[in-house]
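Residue numbers (the UniProt record's numbering): 1 to 948.
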């Protein structure tokens with residue numbers, strides 16, 4: 001029996017006695033080479049067990065294998081508080097953070113697909129001349145040998161290069177230098193490189209005087225009447241042996257060097273026929289010298305490859321079409337072109353209208369409805385009609401007048417770079433093509449289209465052999481990108497426009513592309529932002545990862561993922577100090593039967609989130625008309641007010657475009673609060689816009705820029721706590737004011753770490769290491785401030801309390817308890833009051849923002865709240881609390897609009913808007929709007945199928 005147990009232990013990663021954060025001496029096994037789901041309510045200790053214990057120990061063991069220099073910093077890396085972990089394999093964590101903010105990072109660079117594309121173009125790309133459209137080639141030694149080998153036997157071959165006079169040297173000096181280099185003969189031919197040359201000995205020439213040398217060579221001070229060559233070598237063509245080839249190769253190499261990339265072959269056949277052949281190893285054609293393809297030429301982060309105009313950013317400051325044509329519902333006749341107004345500048349409009357009849361230009365048609373050719377004519381004009389561009393050219397010619405400078409500044413904005421068309425690369429890089437396309441055109445394709453393009457790509461045999469390995473890597477990564485539901489993304493999509501879920505699945509693509517085996521992958525909610533249809537594909541990818549003999553641990557709340565897991569670990573029973581234990585562990589069917597498991601009760605249907613009995617009625621609404629931004633196809637959508645509205649649809653169907661790029665900025669603009677990006681293209685916003693005084697976008701961005709920012713300061717409850725501590729007797733004796741209990745200003749905070757509680761050591765080649773401050777031991781405050789106590793707790797102890805513990809602790813201080821209560825209401829009872837905001841997940845940051853609004857209570861302003869996937873990181877039990885918070889906001893008279901895929905949230909909505917039916921080009925249509933129950937009858941709806 002004991003023997004069996006040992007075998008079982010070697011086959012699982014065993015954590016013994018984990019006590020990190022709220023874990024209560026947990027001992028648990030993770031079966032190796034299996035798909036394991038760790039679930040439980042928010043704050044039950046899932047991340048503490050997986051990321052802070054399992055992954056942290058994996059990282060620490062990796063660090064121990066590094067050099068002594070790196071280890072001197074890492075020795076102070078805290079070892080997770082755990083007795084031991086057995087059988088741990090190399091660990092990779094894919095966390096759920098909205099990654100890089102830099103506009104230089106794109107989907108292509110993040111997935112490494114762009115690096116392989118650069119390599120592909122450098123190795124097998126063909127440079128095409130923009131003048132003649134011919135391929136640019138250069139000759140090498142092998143090409144010249146190949147020509148010589150094909151000549152008829154007995155042909156005499158002279159290898160020649162041009163004889164050049166350098167500055168400040170006469171012919172005699174030049175000939176002497178050639179002798180020193182080892183050349184003994186020159187050849188004199190007719191002008192214009194005509195065939196037939198006479199061979200002359202250099203030493204004999206030098207015996208003559210300067211005038212005689214010049215005459216023999218046809219070189220005078222003013223002109224050269226003959227063409228003079230240096231004879232590099234001569235050979236009679238025959239079957240060449242290895243020694244001949246070596247000699248010939250050396251001679252040709254020398255000729256290319258001496259001739260600065262150019263050499264000539266003079267061939268004389270046995271019959272006496274002469275011919276002159278030219279070779280060039282410079283990369284040029286049509287009088288242009290081209291850049292030779294190399295990986296850095298295709299990098300927009302490298303000065304060699306970046307477009308010099310936009311420096312690789314794809315945008316420049318130019319004439320902004322959205323400012324010139326602010327209202328696209330108007331026609332040219334009605335004044336759509338904003339600068340063509342007034343007595344003087346209005347003449348441009350009159351002139352255009354008069355000339356437009358000749359070209360059948362519809363002057364009464366809204367600009368939004370113009371065809372591509374008509375829109376082009378409006379901007380570019382032609383021989384006899386002046387367009388908008390001509391107008392701005394005239395403005396630029398008059399910039400010495402102040403009114404013209406003011407006029408121009410009014411219409412300037414970020415526009416696509418005119419030189420590289422937004423491809424970010426210099427024109428030399430875009431001359432290089434593979435399969436008829438340049439690298440910029442490939443990056444503008446959606447991943448699924450690019451995958452198809454590569455499958456059809458036909459390369460010549462020798463190039464196919466070179467590209468074989470590169471294409472395998474590209475195809476693997478594109479395949480995974482499509483499988484994880486991101487087939488609609490282009491490689492040129494900027495990383496900072498992605499959602500948290502998208503960026504996590506991109507990191508997953510990168511990890512899968514490396515094809516590691518026998519590793520431990522820890523994923524933090526990879527199903528975020530995925531429609532149920534796409535979750536199916538994600539599960540297949542996770543199983544593929546497992547089948548490569550990896551152990552895959554997924555922190556997840558999604559029911560579909562749990563059904564496919566080999567093993568489930570349920571943490572709980574509740575959050576924070578009431579959690580931190582393993583409630584149940586085993587297969588899905590075991591979990592359903594487990595009486596202690598809260599997750600099991602929801603999965604078995606014993607507990608459930610019941611949809612409301614009735615949906616709220618509404619009479620006020622906002623309507624977005626003619627939305628056409630990105631992939632939206634001229635749709636008109638109604639958003640009711642004072643109710644709970646959900647926008648759904650598969651990933652990439654256009655939800656973010658509609659809500660975050662059109663509705664939100666357009667309403668802001670109407671309210672005069674607009675700052676930042678352009679409003680997405682739409683015809684109009686109509687309806688009861690006046691009934692909304694404020695618009696709040698509650699997204700998943702961090703709640704503060706500084707690491708000192710935390711939940712209790714964000715919801716403004718910390719002011720009350722500081723006042724309370726300043727009122728304590730010891731504070732009064734020592735003259736402490738509320739500011740002494742702040743870690744944002746000097747006074748009471750630790751002087752060494754400035755209230756951070758940690759110091760950052762910058763590592764040169766590794767991630768920065770965060771070490772606990774040695775002065776305050778991570779407590780953030782000076783010793784004398786920490787001596788002030790309230791109910792036996794210092795300010796540091798209070799910040800270490802979880803929200804739920806703090807509500808209990810401050811029950812005597814009604815104001816503080818009430819201020820903290822909203823955090824508990826939105827399911828954040830487990831978060832510490834002083835937890836640094838940069839350790840909060842996107843979903844947690846979003847719920848802190850929600851709590852801050854709930855805490856403001858009755859707000860006289862009527863607010864439209866927009867939430868982007870608020871169920872991120874939430875267990876069924878917490879979703880129930882979240883829905884209650886939404887209802888509380890609606891009861892206060894506000895309106896709630898949510899982008900969401902969670903079926904329970906969709907069921908609980910008053911109004912459902914579904915976009916789709918597919919992603920990218922296959923989406924952007926309004927599939928359904930109405931009460932949630934009605935969608936089940938819509939055949940095109942994927943949501944309807946899962947609602948059943």
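Cβ coordinates follow ideal geometry from the N, Cα and C atoms, glycine included.
- By the Cβ criterion, the region 574-589 is not in contact with the region 57-69, since fewer than three pairs of Cβ atoms, one from each stretch, lie closer than 8 angstroms.
- Counting along the chain, residue 567 sits inside the beta strand (DSSP E) bounded by residues 567-572.
- Look at the beta carbons and you see the region 311-321 not touching the region 161-169: under three pairs across the two are nearer than 8 angstroms.
- By the criterion of a C-beta distance shorter than 7 angstroms, residue 625 is surrounded in its chain by 636, 682, 683, 684 and 686, once the five residues flanking it on both sides are discounted.
- For residue 25, the three-state secondary structure derived from DSSP is coil.
- Per DSSP, residue 749 lies in no alpha helix (DSSP H) segment and is marked neither H nor E.
- The three-state reading of DSSP puts residue 496 in helix, counting H, G and I together.
- In the DSSP assignment, residue 911 is bridged to 645.
- If you look at residue 941, you'll find it isn't in any alpha helix (DSSP H); DSSP assigns it neither H nor E.
- In this structure the region 459-472 does not touch the region 492-501; the number of beta carbon pairs closer than 8 angstroms is below three.
- When the five nearest sequence neighbours on each side are left out, the beta carbons in the same chain lying within less than 6 angstroms of the beta carbon of residue 473 are those of 116, in order along the chain.
- Within the region 29-71, the beta strand (DSSP E) runs of at least 3 residues that lie entirely inside it are, in chain order, 35-40.
- Assignment of residue 480 by DSSP, reduced to helix, strand and coil, places it in the helix class.
- In this structure, 579 is the residue among 429, 335, 130 and 579 with its C-alpha nearest to the C-alpha of residue 47.
- Judged by their CB atoms, residue 395 and residue 448 are not nearer to each other than the 7 angstroms cut-off.
- Contact annotation: the region 781-793 does not touch the region 690-702, with fewer than three C-beta pairs closer than 8 angstroms.
- Note that the C-beta distance between residue 285 and residue 291 is not below 7 angstroms.
- By the Cβ test, the region 859-873 is in contact with the region 828-845, since at least three Cβ pairs between them sit closer than 8 angstroms.
- Listed in chain order, the non-local C-beta contacts of residue 948 below 8 angstroms within the same chain comprise 936, local neighbours out to five positions each way being set aside.
- Beta-bridge partners assigned by DSSP to residue 872: none are found.
- With contact defined as three or more Cβ pairs closer than 8 angstroms, the region 615-634 and the region 587-594 are not in contact.
- For residue 355, the closest C-alpha among the options 343, 384, 776 and 835 is that of 384.
- Residue state for residue 229 is assigned as strand, using DSSP reduced to three classes.
- Nearest C-alpha to residue 791 among 748, 929, 724 and 819: 724.
- According to the DSSP assignment, residue 252 belongs to the alpha helix (DSSP H) that extends over 242-258.
- DSSP, read as helix, strand or coil, puts residue 736 in coil.
- For the beta strand (DSSP E) assignment, the uninterrupted runs of no fewer than 3 residues enclosed by the region 527-605 are, from N- to C-terminal side, 551-555, 567-572 and 581-586.
- In this structure, the straight-line span from the alpha carbon of residue 719 to that of residue 738 is close to 8 angstroms.
- One alpha carbon belongs to residue 679, the other to residue 749, and they sit about 44 angstroms apart.
- In this structure the region 548-559 touches the region 509-517; the number of beta carbon pairs closer than 8 angstroms is three or more.
- Secondary-structure assignment with DSSP links residue 621 through a beta bridge to 640.
- Residue 36 and residue 564 have their C-alpha atoms some 9 angstroms from each other.
- Look at the region 250-321 and you find these whole runs of beta strand (DSSP E), each 3 residues long or longer: 262-268, 274-280 and 315-319.
- In the structure shown, residue 135 adopts extended strand secondary structure according to DSSP, grouped into three states.
- Between residue 729 and residue 821, the alpha-carbon positions lie close to 28 angstroms from each other.
- Linking residue 789 to residue 811 through their CA atoms gives a straight-line distance of about 17 angstroms.
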